[in-house]
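Residue numbers (the numbering used here), protein chains in the order written: chain A, -7 to 278; chain B, 10 to 329; chain C, 20 to 468. Even for Gly, the Cβ is constructed at its ideal location relative to N, Cα and C. Quantities reported herein were computed from a predicted structural model and do not represent experimental measurements. I have placed the structure first, in the form of structure tokens, so that the comments after it can refer back to it.
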Amino acid sequence: MRADGKYIAPGFGGWWHRQGRWGASHVLLAVLAVTTTLPFLWMLLASFKPLEEVEQVNPFPTEWQPQNYRRVFEQIPFARYYFNSVFIAAWVTFLQVLTSAMAGYAFARLRWPGRDHVFKLYLATLMIPGVVTMIPNFTVMVKLHLLDSYLGLIVPAAFSAFGTFLLRQFMLTIPTSLDEAAAIDGASPWRIFWDVILPLARPGLIALAIFSFMGNYQSLLWPLILTKSESLRTLPIGMLDFDSTYGRQTNLIMAATVMNVIPLVILFVCTQRYLVKGIQMGAVKG
Amino acid sequence: MSAPGRRHETLAALGFLAPNFIGFLVFTAGPLLFSLAVSFSNWSLQQNIPFQWTGAENYGELAKDKQFWIYFVNTIYMMLGMPVAIAGSLVCALLLAQRLRGIVVYRTLFYLPTFVNGVALMILWKALYNPSFGPINAVLDWGLQMLHIPAKAPQWLLSTANLFGLDPQELAVTWTKFGLGARDALIIMGIWIAIGGNNMLLYLAALTNVPQELTEAAQIDGAGRWAVFRHVTWPQLAPTTFFIVVMSFIGAFQGGFEQARVMTNGGPSGTTTTLSYYIYTKAFEEFQIGYASAISWVLFAIIFVVTMINWKFGSESWNE
Amino acid sequence: MKYVFLGSFAFLSLLSGIAWFIQPEHQRHDRVPLIWVSDPNPARREQVSVFNDLHSQYDLKLDPNNSGMAKVIVQSLAGVGPDIFDCYGGFDLSGYVKAGVAWDVTDELAKGEIHPLQDCWPGSFSVFVLDGRVYGMPTNVSVNAIWYNKDIFDACGVPYPKGECTWEQFIPLAQKLTVKDENGRPKHFGLLADWWGWKQFVYQYGGRVYSEDGTRCVLDSPEAIAGMQLFHDLMYKYRVMPSPSDEQNMATTGGWGSGTITLFSGGRGAMAVGGRWWLCTLRDNKKLRLGVMPAPFGPKKVYWAYGRASLVNKNSPHRREALDFLRYLAGREYNDLINHQADALAPLKKYCYTPEYLHDPEFPNEDYNDVWRDIMRYGVPEEISPFVDGHAAGRLIDKQLDLVRSDEESVEKAMRNAARQVNGEIQKTLARDPQLRERYERTVGGERP
């Protein structure tokens, strides 16, 4: 904040704020926003079209079919899939954030033999394409009797090397003076973790929560192989139903996608404020 | 710290690490070791071929496999968009960091492509790339007409043409294959998705952390806006840039899978098949798990080397 | 911070409670549960419920999957595979057999007086018969004929086509129906065809994909090349069919050949090569007036037949009960249902000669069912080679054909490359599998395997 109370946006040293309402940055923002948004407008319009018209040149349907939305619910148990997707993604996010925070704290703050080697191991596992680990993972699930269950969908996804990495970076940027002060006061590592570190790492936790929720919400291959009963399926699997030997019902896919996106948008809008203040901490120090 | 204190910390560390680490062992490290072991065998899910340890045979076959090298080149080709995507996300972050009215709306709109990933997005882009009726070519055609350039708009997803004239079947450059084709189409789509995406968020956060005093001091010293950016903002962003570059490389090497599977089926003529899609088809269509595992581990080795190079290269800013 | 976590945990527990509460009753213990993995075609629902009505001791459920063989094989490997699953091609069948997942039911079915090799359309054999043994029952079978749009014919003043004809006779007709608008953009084409039907052209000119003994890929034979050349020329020489770029103009899609259906349904083609199963989509478009004529043929009068079959999982604990599902597929109720749903043609020959099939009271406009049945007699199943993996060979062939389709390579060169690469793949496969190599040597040496 400058002395005169004006907020100077970072980057070009205040250049931005000297523009009026229709300044260059507004124009630029609008243009870019249009390029990202136009395709979705097309998608929204397509969701109201009858199938023959979906891929015609004219983006506007000649015959508005809002019943496409109803048909989505009729053709597949969409409401149940919706619930499942949100439920599973929420649990995974919760567990991921919790376990990654704890592990991140262990890597960032506590000293123990072999700490950095184990961390490099975590990092290395991020670099391997996950396709081939599907079969052994699946076998483990079967052995643990977690097949075709909510637990099977939640538990393997709850552990994330990426989350640990991100939160470790975060916690490294928190000044150690605070925990040292707490330690002198006789606090155990557990108390320090909960009362000192976590609140300061809140932006990082939120960032991880967003990335994690979105990733899990959209995941397809693993739930597809793991589930057998209809009552456990998630939205991406449900969307496959519109693409069968019957033909691809593009208009229904569009309608389903529009509805799909709503929880994500809500999540983002509510939390983006915390993001802006915080993610940088994770990347500043090594 | 005294010895009991140290031990106390180690115990505490174990406690904190345990839930994550157990899961890590069971669901990540374990299966990875399994796949490493399998890569030295001929496991192919077929009952009539007895399971045998074949040593490094898979890796040897890999080196001779023409498909592997072609797809390797494809994977590298797809990285052409990376610098543009990273720079683009920085520009978008600069724009979105301002406290203008309605900035939340803009931020959400920019992030929209990341929300709507999947089948719908791919269908959408297939329609956009329509060579005769899609909007992209409509604009290009109009532009070419205006400038009186006697060229045709590219065929995009249907063409094996590309910026380097790579032949789809051989590791060679062919004169006739210059142009814009499926690969380039996917690169452009990738850039569009990435510029408002996760990297943009990371940059956004980093920007708001740039201390105001520094930018003000530079201004007082008479620096113009570009100089402020170059000498104040950019260095502050270096650690974030480094993080993003490392993760982008990892992502690029492992990527291209969804597009290949949903949009192009790896075509036309195998030009959009990347290594990760190749691994998938070898594992889940031809059921040669041993070979697919070998490819995965070679890919890992490559990513590892590249990451180490990045680390060394960027370590000055990383360990400031 | 603590409260955030505690609060989230409480909320999630609440959700879990709801989740547990709304779980449907898992299974009725008085019924034997059977899981059937198939693609999520809406017609399946009725097919499942008819079975459940007929067999109250079973509870058949559909587990949708249209992502290939991965799900079935991974699950079966871990011992939790489905009881029944569908197979969409000869190579998939051979993959399932080799993985030990498909159950040889030849004798079991014979006990129940079901002899698929006599009763079913020969065109369906590729999806459930391997080396003379039966592994399941076909669920439907299809060949492609020509759909034509009566309104476009009327608009161009062309009389409706009748009877059979060769490609030479057909081309002028298609050319008359290819019309451009004032700007030179195509309004509608004379003929639309899915690229994945290319095998029909190869067969009609006397070619084959694999030699009779399966030891070689013979796409480089002059007959096969001639067949593909025709397909190519329809697009680029006679211009009666849209090239891929034209096709993209009018519609894009993926999936199972749904692209051409949408195009045709949108009035962008006067005629289209398609199967009876197109009706599942076309029936929704009430404005279409349709007719069917047999597809043109080349020197050989054959049509490529394709279909789907349901196989039983050898490792399923309920495999004996699953046999009842196969018997259901051979029964009257199911066959009539397929004919009525127009999900291609019923697998058993005799049910296609009934009056209900010829004139379905619910769809009086469909006066062409006799055509479908009659051409089915000329349907030949595709051949496979036991010496190569179908997906590997398929990808190699498709890569070359993509080039032909976009006119980037001459037909002859592409086919030769394809044959050469597939033969190379065969050698690689033999190197991996000593048993197979033995069989190969014996076959090449003249012995019948």
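Just to confirm, is the Cβ distance from residue i to residue j under 8 Å?
i	j	result
Y370/C	D355/C	yes
L115/A	F157/A	yes
G98/C	Y179/C	no
S50/B	G205/B	no
E242/C	G226/C	yes
L133/B	W34/A	yes
Can you check which of these residues, the options, is closest to residue i by C-alpha distance?
i	options	result
S168/B	E431/C, P83/C, L420/C and T448/C	L420/C
L284/B	P28/B, E70/B, T84/B and V35/B	T84/B
G106/A	L175/B, L23/B and K135/B	L23/B
K306/C	N168/C, P241/C, L53/C and D150/C	N168/C
V259/C	C139/C, K218/C, L211/C and P241/C	L211/C
G260/B	N208/B, A170/B, T183/B and K73/B	N208/B
I41/C	M251/A, V253/A and E222/A	E222/A
E65/C	Q194/C, L301/C, I357/C and K130/C	I357/C
V148/C	V116/C, A437/C and G131/C	V116/C
R194/A	I166/A, H18/A, S152/A and K220/A	I166/A
I171/C	D58/C, R396/C and L196/C	L196/C
S305/B	H17/B, Y120/B and A46/B	A46/B
Would you report the Cα separation of residue i and residue j, rounded to the nearest angstrom?
i	j	result
V160/C	L139/A	34 Å
Q61/B	A450/C	14 Å
A214/B	Q264/A	10 Å
D233/A	N60/C	7 Å
R439/C	C236/C	8 Å
L37/A	W151/B	25 Å
M88/B	G265/B	10 Å
S329/C	W55/C	9 Å
A203/B	Y257/C	44 Å
N268/C	Q137/C	Because the pLDDT at N268/C is just 42, under 50, the model does not fix this residue reliably, and the point stays unresolved.
L166/B	T273/B	8 Å
A149/A	L218/A	12 Å
A191/B	T290/B	20 Å
A270/C	A226/B	Residue confidence for A270/C is low, a pLDDT of 35 falling below 50, so the modelled location carries little weight; the figure read from the coordinates is stated next. Their backbone Cα atoms lie some 59 Å apart in a straight line.
D230/B	L246/B	21 Å
A96/B	W243/B	12 Å
Y22/C	P52/C	45 Å
A16/A	F296/B	56 Å
A121/C	H251/C	38 Å
T117/A	S335/C	36 Å
L145/A	V78/A	12 Å
T280/B	N171/B	9 Å
S44/B	R308/C	57 Å
V19/A	G111/B	14 Å
R183/A	A25/A	45 Å
R353/C	Y397/C	With the sequence shown as reference, residue 353/C is identified as Tyr, and Arg is not the correct amino acid for it. One C-alpha to the other measures close to 24 Å.
Hey, could you find the ends of the beta strand (DSSP E) residue i is sitting in?
i	result
S57/C	V51 to S57
L330/C	Y322 to V331
M290/C	G288 to G293
D78/C	Y77 to P83
N168/C	A164 to N168
D105/C	I103 to C106
P400/C	G398 to P400
L309/C	L309 to M312
Could you give the first and the last residue of the continuous alpha helix (DSSP H) run that contains residue i?
i	result
W214/A	L213 to L218
G36/C	K21 to F40
G96/A	F70 to A100
V100/B	M91 to L105
W78/B	K75 to Y86
Y115/C	G109 to K117
Is the segment 112 to 129 of chain A close to the segment 36 to 51 of chain B, with three or more CB pairs under 8 Å? With a cut-off of 8 Å, the segment 36 to 51 of chain B and the segment 112 to 129 of chain A count as touching, because enough Cβ pairs lie within range.
Take every Cβ of the segment 232 to 246 of chain C, pair it with every Cβ of the segment 442 to 449 of chain C, and state whether three or more of those distances are shorter than 8 Å. yes
Answer yes if the segment 77 to 96 of chain A comes into contact with the segment 56 to 68 of chain A, meaning at least three C-beta pairs across the two stretches below 8 Å, and no otherwise. no
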